[in-house]
Each structure stands twice: as structure tokens, then as C-alpha cells.
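Sequential numbering from 456 applies to the sequence shown in the working numbering. All C-beta atoms, glycine included, are put in the ideal place defined by N, C-alpha and C. Okay, so here's the structure we're looking at.
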Amino acid sequence: SMLIGMYLAEKLGFNFGFVWDNITETQDESILGVNEKFIGINLEKKENIFNSNFIKKYNLDEFDIKKNHGFKLHSKIRTFDEIKSPPFENEWGWYSAGVEGGLPSNWILNCNEIECLIDIKRIFYNLDFKENLRYIISQAVNLVKTFGEDFIALHIRGADIVYGDYYKKWSLQDFVGDKVFPYEIALEIIKRHANANVKIIIFGQDVKSNMKLLNYIIDNKILPKNKIFTVDEFINQTFSSLQRVFFEINLMSKAYAIYSPKVSAFSRAAMMISGKDILIAYEDIFNAQERFDIIQRNLFSLGLNDLQIARSLFYQYTLSLKLKMPLNICLEILKKALYFDRDNDAYRIYIIDNLFQTYQHELINRYLKIILNNRYD
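Below, the structure written as C-alpha cells:
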């Protein structure tokens with residue numbers, strides 16, 4: 456959001472400012488922000504990220520400015536002149552758009568994508584970061600020089616959705632499912648690169664599942680160990696959670712290509728600071744039927760834990776609906792997802808929805824009684 460805001464301010468001749476919110480994913484958090492099941496994101500104080508001159512020049516925390524994702528700015532196609540001319544979103548101007556809307560070239564007429572990416576990369580590298588973060592940028596650059604060949608990044612997004620209570624509350628919303636990258640599909644992408652002259656680095660918050668994927672690839676001789684890695688193999692173990700994330704996003708930006716879900720702020724940000732359109736959504740590689748079949752084929756191959764399996768099954772369920780499969784088949788997939796994640800009431804709601812569509816009202820009544828007796832608190 457800051458990068459896009461600074462880009463737009465530069466293009467429009469506007470002033471730029473930012474407010475800061477310290478965000479922490481704290482569920483079961485242990486040292487260094489490493490969760491028992493996944494690595495959370497800890498957004499530290501602005502003073503730990505930027506030098507004081509940058510903060511003095513741009514920070515607006517002393518003003519009463521509410522948080523906003525900037526959806527209005529990218530909600531319709533505009534020209535630069537239209538954005539520059541009143542009426543604005545607020546009397547002081549616009550909230551910057553986040554990466555959810557994609558590059559400004561997606562929603563601003565005559566905004567050249569190639570030039571936009573080059574400008575955003577320049578803005579990122581000119582940010583007045585603290586010296587330790589500057590050093591991390593150089594570490595990522597120097598590491599890539601040692602590879603001797605290109606690498607692709609697999610950004611297996613979704614651990615916070617699989618394990619975190621916050622996203623489970625939103626499981627009924629499409630925007631949650633769009634962020635998940637099933638491991639079964641990641642496995643298929645790796646297989647397709649078995650004979651390519653590139654290295655592969657697995658990125659993602661679920662360290663244990665990443666290792667299971669890596670070990671499966673090596674044990675089954677799909678790739679040798681010198682061709683595939685998890686990002687944890689390159690991370691300094693003294694890094695804080697913020698330093699770890701900063702290293703990852705900078706390393707990812709050096710990839711030849713980034714494979715990710717269609718909606719992922721992290722991988723989109725990495726693409727932006729790369730200065731090139733290197734992002735490939737797995738949904739654009741495999742159609743819905745292919746994705747359904749891949750999950751069916753690979754579901755139990757990696758030995759993932761129950762919650763990961765449940766989430767993959769739920770993704771398969773959403774695909775079954777898109778493919779207009781018989782509702783009884785869709786229901787069986789959903790029941791399997793609930794079997795592996797008994798605490799996810801979103802799956803129970805989907806089961807009830809399925810039963811409504813097949814007019815099984817008596818069964819719905821019985822099922823609701825069971826839920827109320829066993830789940831209502």
C-alpha cells in the first residue's frame with residue numbers, strides 16, 4: 456500500500472503520508488513470532504523499520520486517520536487526471552490502494568504496466584530502511600549470486616487460514632479460499648519442473664509441511680537435493696519475525712517466476728519490488744477439473760496433518776461446485792473435510808446449505824439439534 460501510495464503521489468504531484476499499525480498473529484505464539492504450527496507475521500514499530508528522517512517526513516499517526524484498504528481507489532477505472540481532480544475520497548485526498556487491486560496499471564487508464572513496475576522497484580530500493588534491513592536486502596542479493604542458475608519460488612500461502620482462528624471465522628467468504636495454495640497442487644508444479652534447468656525454493660508459513668513436501672520430492676527422486684530447498688535453509692536463525700519476512704520477500708523478488716494463489720499480498724509485493732511481472736497463479740495453469748483431479752490424486756501422498764488435509768478437501772469441495780458435480784458427491788467431500796477438522800463450524804454450515812439445496816429439511820432439523828447439543832456454547 457505504501458509503495459503504491461508513493462508511486463501515485465509521484466505521478467499525481469500529491470503529498471504522501473502513512474499511518475502505522477502494529478499487527479501480530481499471536482495464536483500459540485512462541486519465541487521470534489514462530490507459532491507452534493505456523494510462522495506468524497509481526498509488524499514491528501515503524502521505528503524498527505524506517506530511519507527517523509523518513510518517519511518525520513511522512514508519518515501521520517498524530518492525526519485521526521482511520522484504517523482503510525483503499526478499495527474505493529481501485530473500484531473503478533479512472534485516468535490520472537480523474538484521480539487528481541476533486542471530489543476525492545476524503546477532503547485530504549485518497550487512501551492508497553493495497554495490492555488487492557493489483558498494479559495501478561490494472562485500474563488507471565494509460566498507466567503502462569512495465570513502467571509502473573520499474574518505478575515501484577525504484578521507490579522500494581530508495582526507501583529509508585534501518586541499516587539492519589538494508590543489510591538483509593544485500594544478503595538476499597548475494598545469496599542469489601551463489602545459485603549459478605535461475606530459481607522459481609513456490610509461495611505456499613494459507614497456513615494462517617488453515618490454523619488461525621481469525622480466518623476460520625471468515626471461512627464462508629470467497630476471499631479466504633482464494634488465498635490458499637494446496638500442497639497437492641504445489642507438488643504437481645514441482646513435478647512439471649523436474650527436467651527444467653532451474654532451482655526451486657519453497658516459501659510458506661507452515662515449516663513442517665514445507666519439509667514434508669521437500670522430503671517427498673527427494674525421497675521419490677523427483678528432484679535431487681541440490682535443486683530444491685525450503686526458504687528456512689537460507690534464513691539466519693537469529694532473525695526476528697520481521698527480519699525473516701523481510702528476507703523472504705526480498706529473496707522471492709529475485710525469482711525467475713513466483714507461483715502463488717491468485718490473491719496473495721505477499722507474493723504480489725515481491726513481484727512489485729522485482730520490477731517485473733513474474734507472478735504466475737496456479738489457477739491459470741490448471742483448470743478447475745485438473746485441480747480437482749490433482750487433489751484427488753495427491754491428497755494423502757505427503758503425509759500432511761489433518762488440518763491441511765481438511766483444507767485441501769474443502770478446496771476440492773469448492774471445485775466440485777464450480778464443476779456442477781452432483782450435490783451428493785459434493786456433500787461427501789465436505790463430510791470428509793469435517794472429519795479431519797471437527798472444530799471448523801464453517802464446514803457444518805456448508806453441509807446445511809447442501810442439504811437445503813436437496814430439500815432434506817427433516818435431516819437438517821436433526822443435524823441442527825445435534826450441533827446445538829454438542830457445539831453450542
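is_contact[residue i, chain D] using C-beta, thresh 7 Å
i, result
"N567", "No chain D appears in the structure shown, which is made up of a single protein chain."
Proximity to residue i [Cα-Cα], best of the options
i, options, result
"D661", "R612, N670 and V554", "R612"
"C566", "F535, Y550 and I578", "F535"
"I704", "I750, S551 and K576", "K576"
"E639", "R589, G557 and Q751", "Q751"
"Y770", "A736, C785 and N670", "C785"
"Y714", "R797, Y737 and F721", "Y737"
"E643", "E745, Y794, S507 and H529", "E745"
"F755", "I806, P637, I740 and I690", "P637"
"S729", "D796, Y580, I510 and M457", "Y580"
"L768", "S695, K791, L757 and G659", "K791"
"T601", "A641, I645 and K654", "K654"
"K777", "Q763, Y794, R797 and F747", "F747"
"L463", "N597, K511, I591 and E570", "E570"
Simplified DSSP state of residue i, which is helix, strand or coil
i, result
"A724", "helix"
"Q482", "Note that Q482 scores 41 on pLDDT, short of 50, meaning its location in the model is unreliable; the coordinates nonetheless yield the value given after this. It is coil, neither helix nor strand."
"L564", "coil"
"F747", "helix"
"G548", "strand"
"R612", "coil"
"I733", "coil"
"S756", "coil"
"Y805", "helix"
"N506", "coil"
"Y814", "coil"
"R533", "strand"
"F473", "strand"
"I607", "strand"
"F518", "coil"
"G488", "Unreliable placement is indicated for G488, whose pLDDT of 37 sits below 50; the coordinate value is still reported in the next sentence. In the structure shown, G488 sits in a helix (DSSP, three-state: H, G or I)."
"S593", "helix"
"S715", "strand"
"F741", "coil"
"F584", "strand"
"G468", "coil"
"S767", "helix"
"I569", "helix"
"N799", "coil"
8 Å contact criterion, which residue i and residue j should meet: CB distance rounded
i, j, result
"Y908", "G553", "With the chain represented from 456 up to 832, any question about residue 908 goes unanswered, as that position is not in the structure."
"K531", "E544", "Actually they are not in contact, since the Cβ atoms of K531 and E544 sit about 12 Å apart, beyond 8 Å."
"N809", "L789", "7 Å"
"F684", "D583", "Their Cβ separation, rounded to whole angstroms, is 32 Å, which puts F684 and D583 out of contact at 8 Å."
"D606", "A710", "Reading off the sequence shown, one finds Phe at residue 606, where the question assumed Asp. 6 Å between Cβ atoms; contact."
"A649", "L678", "6 Å"
"I807", "Y822", "7 Å"
"L757", "Y814", "Not quite, the Cβ-Cβ distance comes to about 39 Å (not below 8 Å), so this is no contact."
"A641", "L668", "6 Å"
Outcome for residue i when other beta-carbon atoms lying within 10 angstroms are tallied against a minimum of 16
i, result
"N490", "Unreliable positioning characterises N490 in this predicted model, as indicated by a pLDDT of 47, which lies under 50. The coordinate reading is nonetheless provided below. By the 10 Å Cβ count, N490 comes out buried."
"A765", "buried"
"S593", "exposed"
"T773", "buried"
"L572", "buried"
"N753", "buried"
"I486", "Only weak support exists for where I486 lies, its pLDDT of 30 falling under 50; the value from the coordinates is given anyway. So I486 ends up on the exposed side."
"F721", "buried"
"K682", "buried"
"I616", "buried"
"N652", "exposed"
"G460", "buried"
"H816", "exposed"
"Y618", "buried"
"N691", "exposed"
"V686", "buried"
Ordered list of beta strand (DSSP E) runs contained in the region 625–710, each at least 3 residues: 654–658 and 683–685
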